[in-house]
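A.B. asks: Residue numbers (the working numbering), protein chains in the order written: chain U, 1 to 230; chain P, 1001 to 1167; chain W, 2001 to 2450.
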Amino acid sequence: MAYKWGMAVDLDRCTGCEACVIACGAENNIPTVGPTEAARGRAMPWIRVERYWEGEFPDVRLKFRPVLCQQCDNAPCEPVCPTYASHHTEDGLNAQVYNRCIGTRYCANACPYTVRFFNFFNPTWDKPLHLQLNPDVSVREVGVAEKCTFCVQRINAAKTEARADGTNIKDGDLQTACAQSCPARAIVFGDLNDPDSEVSRLSRSPRGSLLLEEVGTKPKVTYLSRQSQA
Amino acid sequence: MSGVYALFADPDAAERAVEALRAQGLGTDEITIISAQPYESYAFSHTGGSSSWMFRVAAAGGTVGLACAFALTSLTQRAWPINTGGMPIVALWTNLIIMFEMTMLGAVLSTVGTLLWSTGLPRRRPAFYDPAVSTGAILVGVEQPKHASPVLATTLARAGGQVKTLA
Amino acid sequence: MSQTVDPITDDLLRPVLRTSPRFWLTVAVLGLIVAAGAGAWIYQLYYGFGVTGIRWPIFWAVYVTNFVFWIGISHAGTLISAILRLMDAEWRRPVTRCAEAITVFALMIGGMFPIIHLGRPWHFFWLIPYPNQRGLWPNFRSPLVWDFLAITTYLIGSVLFLALPMIPDFALLRDRTTGWRRRVYGTLALGWRGTTIEWQRLETAMSIMAVVILPVAVSVHTIVSFDFSMAPVPMWHSTIFGPYFVAGAIFSGVAALILAMALLRRFLELGAYLRPLHFENLGKLLLLMSLVWSYFVFSERLTIWYGNDPAEMAVFRTTQEGSFAPLYWTMVVCNFIVPFALLAPKRTRTTISGCVAASVAVLVGMWLERFLIIVPSLGHKHLPYSWATYRPQPVEIVITIATFAAMTLFYVLFAKFVPIISIWELKVGRQPAPAAVDLDVRPEAMGVRR
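Set out below in structure tokens:
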């Protein structure tokens, strides 16, 4: 059976440390745009930690939530792309093909989670940071849209190895960069088609809910609600 | 190109000239009438038969456009079946838009095509024309007459026009 | 035969045959502004798209506003030419070519914007469906591909709709000019003589085109509206967008036509042909469209306000009382209050300046309307963390101004090259009337001078 990659994010465990953001950026060659451009809204965090303040001082509470591409089964970003750069794979991922993107940015507008980003300039890495680039991931040029891919390069590598071994990918063999780096293990990644995988188990949790479920995008990331009131 | 023609100052005179030529036994397709504007309300304007067949050609052109659009969308969608948002591979609702536009384009192009074909345009200017037409005169004449020119010339002159002959 | 005294032809050919220094000055100034716009685009291509004000999450702003605005303006010609032609409304005769020219040039300018706003515009041709070694066809499910086909079809149709009735006027010019002009007009006239067959076929072709181009025009702006309504963005995903945009397009198109006619009347001395009657009739149409537009806006906003959906209300509030309120209420004044005040009372409607003032207000209001559909919604999507503001940058402003200059420039050049009022069509309207003509039409409408 084909895989169906999904994720569970436990908001009770998430501390808002943003290690996932850094790891994702390192793994996927996301350029840093600098403070001026970031202030102008050009930063490209494929996973971001949304932070909301609730209440009035002194009863202020802080809520945060990591938001990344939900790899929607009913993705609004896919039918609108005129060049099929955004489409759905058999593994249930929303793929972004940089070579086909002409930069209409319709996909970014259509995404209700706004997890799609656009390269406003050609990315640069000051030496020696260019040595840190991941050779498994392409570097995108100006005018191209990009977003979280569930570390598809790692998925493909794991699939190749599993096929060489003649088996399937076992739960836990494969981790996205964000799941790998989270110190609280708040992010869990795996195969939703495997009923015994940890992500399947967590997606059935009574604390689980889908983000913007009412929009009807059928996202594949389950958010486990925060229980503690602190 | 040879022929004889006369210039008339107003459409009523031209109409009388045409009737005089018809009385001489000339058929409608032998008489050439040239003017700088169409005179719909006069009988001499309606010589070429009905043009309603152009509507039918336009409809046919539209049908061709429709078929092309249907083929273009469904065949290409089936050739590279790519899942976008769970929509069907051949999505008829959206393909209808493409089919509509190409139907209209087919109708437009076939109309222009039949216009050019049935009028023989573009064409290097043939000799049977008089620039006086552009000042408002109406030219009534016969190109390559079968009968003797003097007879026609007299008829046209009697109808009130300035007669000119092309050798 | 000596040249007959033909004041109509003389008046209408004069702008073509005689050139004043003012013409060259106008062309030079407009050309400079257009060049500045081209320079701005080259600057954007060289330094990267980031020189614009576009940002996460407002990925469409001034360029797409301009796109929708100009495609909307292009509905002027179709309405006047096609609908009035099909209704046998005689007062359309001096107005058809002005209107059709607006359509063609507005489409050409509007059609540039999908290319200007692309991240990688050098690949724009990937939208053209032709067999290629990339092995891919465009995604026919995407509204942008529908845009491409619709605008191409409408452009081809409009160019032909404009060009066909120009053939007899080219023949007229061929016979009235000498030298290189005669050769050019002679080629363009395609050997037209004016035989009865040619006239019959031409008029039938025009009738068919009028019938065909109307649904195309309606479909074009509907499809442009689909660029927005197909996305689940608050206050975009609305079923009213199709008719709403078409009404808005006709609205802005009529306003542009009134303005263009007023300028032609003034600068080409066509006061005997573009008369207060024409402005009054178009003014009535403008008032009607203002009411239709207001009706659609009211319908939409009432539905949203009544439903009180949090995501939609966030956008609603930002336009009604939030940061976009000044622009929003300016738009309401420009699109509803000013046209109503100027065009409902007969006293101001029958003056040309009343109609022109209303038209200018409408053009400003409609540009704002496009902007206010796009930017507030994108700046207030479902997740509040992503809310943001947008500020246009000099590149976008320069290019916007340059498109207005380009439109004017195209128009000025067109009026220099071709008589802006269709001479033969005008003369047909002034033919002595046997029973076939509608006797209810006032003689003034037929152009008979009193």
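Glycine included, each C-beta is placed from N, C-alpha and C at the ideal position.
When the distance is taken between beta carbons, is G1061 (chain P) closer than 8 angstroms to L1109 (chain P)?
C.D. replies: Translated into the one-based positions of the second sequence, residue 1109 (chain P) becomes position 109. Translated into the one-based positions of the second sequence, residue 1061 (chain P) becomes position 61. Cβ distance < 8 angstroms, so L1109 (chain P) and G1061 (chain P) count as in contact.
A.B. asks: For M2261 (chain W), which residues in the same chain have their Cβ closer than 8 angstroms to its Cβ, ignoring the five residues on either side in sequence?
C.D. replies: Counting from 1 along the third sequence, the entry for residue 2261 (chain W) is found at position 261. Result list for M2261 (chain W): V2095, C2098, L2274, H2278, F2279, L2282, in chain order.
A.B. asks: Looking at C-alpha atoms only, which residue of U:L93, U:F117, U:I30, U:G55 is the closest neighbour of F2059 (chain W)?
C.D. replies: Along the third sequence, one-based indexing puts residue 2059 (chain W) at 59. Answer by Cα proximity: U:F117.
A.B. asks: Assuming E1143 (chain P) is part of the beta strand (DSSP E), what are its boundary residues?
C.D. replies: Within the second sequence, the letter at position 143 stands for residue 1143 (chain P). Here the beta strand (DSSP E) through E1143 (chain P) covers 1138-1143.
A.B. asks: Please report the straight-line C-alpha distance between Q71 (chain U) and A110 (chain U), rounded to a whole angstrom.
C.D. replies: Residue mapping note: residue 71 (chain U) aligns to position 71 of the first sequence, counting from 1. Residue mapping note: residue 110 (chain U) aligns to position 110 of the first sequence, counting from 1. Between Q71 (chain U) and A110 (chain U), the C-alpha separation is close to 14 angstroms.
A.B. asks: Can you find a CB in chain P that lies within less than 8 angstroms of the CB of A2231 (chain W)?
C.D. replies: Residue 2231 (chain W) sits at position 231 when you count from the first residue of the third sequence. Judged by the 8 angstroms Cβ criterion, A2231 (chain W) is not in contact with chain P.
A.B. asks: Check this for me: beta carbons of V1112 (chain P) and L2160 (chain W), under 8 angstroms apart or not?
C.D. replies: Against the second sequence, residue 1112 (chain P) aligns to sequence position 112. Against the third sequence, residue 2160 (chain W) aligns to sequence position 160. Yes, they are a contact pair.
A.B. asks: Rounded C-beta distance between L210 (chain U) and V188 (chain U)? I'm assuming under 8 angstroms.
C.D. replies: By one-based count along the first sequence, residue 210 (chain U) stands at place 210. By one-based count along the first sequence, residue 188 (chain U) stands at place 188. The Cβ separation is near 15 angstroms, so there is no contact.
A.B. asks: Under DSSP, the beta strand (DSSP E) around T222 (chain U) begins and ends at which residues?
C.D. replies: Taking the first residue of the first sequence as 1, we reach residue 222 (chain U) at position 222. From DSSP, the beta strand (DSSP E) with T222 (chain U) extends over 221-224.
A.B. asks: With D2175 (chain W) as the anchor, note down where its alpha helix (DSSP H) starts and where it stops.
C.D. replies: As a first step, residue 2175 (chain W) is located in the third sequence; it is residue number 175 there, counting from the start. Counting along the chain, the alpha helix (DSSP H) containing D2175 (chain W) begins and ends at 2166-2176.
A.B. asks: What residues from chain P crowd round P76 (chain U), counting only those whose CB sits closer than 7 angstroms?
C.D. replies: Here residue 76 (chain U) is taken as the residue at index 76 of the first sequence, counted from 1. Simply G1085.
A.B. asks: Can you pull out the residues from the stretch 2114-2145 of chain W whose beta carbon lies closer than 7 angstroms to at least one beta carbon of chain U?
C.D. replies: Per Cβ criterion, the list reads L2118, G2119, R2120, H2123, F2124, W2126, L2127, L2136, P2138, N2139, R2141, S2142, P2143, L2144, V2145.
A.B. asks: Quick check: is the beta carbon of V1108 (chain P) nearer than 8 angstroms to any beta carbon in chain W?
C.D. replies: Within the second sequence, the letter at position 108 stands for residue 1108 (chain P). Cβ-Cβ to chain W under 8 angstroms: yes for V1108 (chain P).
A.B. asks: By the 8 angstroms beta-carbon criterion, what residues does the stretch 27-61 of chain U contribute toward chain P?
C.D. replies: Of all residues in the stretch 27-61 of chain U, none has a Cβ within less than 8 angstroms of some Cβ in chain P.
A.B. asks: Drop a sphere of 10 angstroms on the beta-carbon of S2020 (chain W), count the other beta-carbons inside from all chains shown, and report buried for 16 or more, exposed for fewer.
C.D. replies: Numbered from its first residue, the third sequence carries residue 2020 (chain W) at position 20. Per the 10 Å Cβ criterion, exposed.
A.B. asks: F2170 (chain W) to L2383 (chain W), Cα distance in whole Å?
C.D. replies: Stepping through the third sequence from its first residue, residue 2170 (chain W) is reached at position 170. Stepping through the third sequence from its first residue, residue 2383 (chain W) is reached at position 383. Approximately 60 angstroms between the Cα atoms of the pair.
A.B. asks: Taking G2048 (chain W) as the query, report the chain U residues whose CB atoms sit under 9 angstroms from its CB, ordered along the chain.
C.D. replies: Counted from its first residue, the third sequence places residue 2048 (chain W) at position 48. Chain U residues near G2048 (chain W): N119, F120, F121, N122, V142, G143.
A.B. asks: Can you list, in chain order, the residues of its chain whose CB lies under 6 angstroms from that of A1069 (chain P), leaving out five sequence neighbours each side?
C.D. replies: The count along the second sequence starts at 1 and reaches residue 1069 (chain P) at position 69. Around A1069 (chain P): I1098, M1099, M1102.
A.B. asks: Over the uninterrupted beta strand (DSSP E) stretch that includes W2292 (chain W), give me the two end residues.
C.D. replies: Taking the third sequence and counting its residues from 1, one reaches residue 2292 (chain W) at position 292. Inspection of the sequence shows that residue 2292 (chain W) is occupied by Val rather than by Trp. Careful: V2292 (chain W) lies outside any beta strand (DSSP E), inside the alpha helix (DSSP H) at 2276-2307.
A.B. asks: How would you list, in chain order, the residues of chain P whose beta-carbon sits under 9 angstroms from the beta-carbon of Y84 (chain U)?
C.D. replies: Numbered from its first residue, the first sequence carries residue 84 (chain U) at position 84. In chain order: W1080, I1082, T1084.
A.B. asks: In angstroms with no decimal places, state the Cα-to-Cα distance between V2375 (chain W) and M2289 (chain W).
C.D. replies: On the third sequence, residue 2375 (chain W) is found 375 positions in, with the first residue counted as 1. On the third sequence, residue 2289 (chain W) is found 289 positions in, with the first residue counted as 1. C-alpha separation (whole angstroms): 24 angstroms.
A.B. asks: Between which two residues does the alpha helix (DSSP H) containing M2331 (chain W) stretch?
C.D. replies: What you label residue 2331 (chain W) is simply residue 331 of the third sequence in a count that begins at 1. Unbroken alpha helix (DSSP H) run through M2331 (chain W): 2325-2332.
A.B. asks: Excluding sequence positions up to five away, which residues of its chain have a Cβ less than 8 angstroms from the Cβ of L1105 (chain P)?
C.D. replies: Locating residue 1105 (chain P) in the second sequence gives position 105, where the first residue counts as 1. Same-chain partners within the cutoff: G1065.
A.B. asks: Quick check on this structure: which residue in P:S1051, P:W1117, P:V1140 has the alpha carbon closest to the alpha carbon of K1016 (chain P)?
C.D. replies: Counted from its first residue, the second sequence places residue 1016 (chain P) at position 16. The amino acid occupying residue 1016 (chain P) in the given sequence is Arg; Lys does not appear at that position. Comparing Cα-Cα distances from R1016 (chain P) to each of P:S1051, P:W1117, P:V1140, the minimum goes to P:V1140.
A.B. asks: Give me the residue from U:L93, U:T217, U:F120, U:S86 with the minimum Cα distance to G6 (chain U).
C.D. replies: For the purposes of this step, residue 6 (chain U) is taken as the residue at position 6 of the first sequence. Ranking the options by Cα distance to G6 (chain U), first place goes to U:L93.
A.B. asks: Strictly below 8 angstroms CB to CB, what residues from chain W border T149 (chain U)?
C.D. replies: Reading the first sequence from its first residue, position 149 is the one you call residue 149 (chain U). Residues of chain W passing the Cβ test: none, with the nearest at roughly 18 angstroms.
A.B. asks: Once you ignore the five residues that flank A2106 (chain W) on each side, which residues in its own chain have a CB closer than 6 angstroms to its CB?
C.D. replies: In the third sequence, the residue the question calls residue 2106 (chain W) occupies position 106. If we look at A2106 (chain W) and ignore the five residues flanking it on each side, its Cβ neighbours are W2070, I2073, S2074.
A.B. asks: Mark N2335 (chain W) as exposed unless 16 or more other C-beta atoms lie within 10 angstroms of its C-beta, in which case mark it buried.
C.D. replies: Position 335 of the third sequence, counting from 1, holds the residue named residue 2335 (chain W). N2335 (chain W) should be labelled buried.
A.B. asks: For the stretch 1042-1104 of chain P, which segments carrying the alpha helix (DSSP H) assignment without a break, of at least 4 residues, lie completely within its bounds, in sequence order?
C.D. replies: As far as the stretch 1042-1104 of chain P is concerned, its whole alpha helix (DSSP H) runs of at least 4 residues are 1053-1079.
A.B. asks: So, with DSSP's three-state summary, where would you put T2153 (chain W)?
C.D. replies: Numbered from its first residue, the third sequence carries residue 2153 (chain W) at position 153. Here T2153 (chain W) sits in helix by DSSP.
A.B. asks: At the level of alpha carbons, what is the spacing between Q2003 (chain W) and G2119 (chain W)?
C.D. replies: Here residue 2003 (chain W) refers to the residue found at position 3 of the third sequence. Here residue 2119 (chain W) refers to the residue found at position 119 of the third sequence. Residue confidence is low: Q2003 (chain W) scores 45 on pLDDT, short of 50, so the model does not pin down where it sits. No coordinate-derived value is stated.
A.B. asks: Provide the residue span of the beta strand (DSSP E) that contains R61 (chain U), from first to last.
C.D. replies: Numbered from 1 along the first sequence, position 61 holds the residue referred to as residue 61 (chain U). Segment 61-67, the beta strand (DSSP E) holding R61 (chain U).
A.B. asks: Can you give the Cα-Cα distance for T993 (chain P) and D2088 (chain W), rounded to whole angstroms?
C.D. replies: Residue 993 (chain P) lies beyond the stretch modelled for chain P, which goes from 1001 to 1167, so this question has no answer here.
A.B. asks: Would you mind stating whether S200 (chain U) and L192 (chain U) have Cβ atoms separated by less than 8 angstroms?
C.D. replies: Position 200 of the first sequence, counting from 1, holds the residue named residue 200 (chain U). Position 192 of the first sequence, counting from 1, holds the residue named residue 192 (chain U). A contact, by the Cβ cut-off of 8 angstroms.
A.B. asks: What would DSSP say about R51 (chain U), mapped onto helix, strand or coil?
C.D. replies: Counting from 1 along the first sequence, the entry for residue 51 (chain U) is found at position 51. Strand.
A.B. asks: Within 8 angstroms (strictly less), CB to CB, does H130 (chain U) reach chain P?
C.D. replies: Against the first sequence, residue 130 (chain U) aligns to sequence position 130. Not one chain P Cβ lies under 8 angstroms of H130 (chain U).
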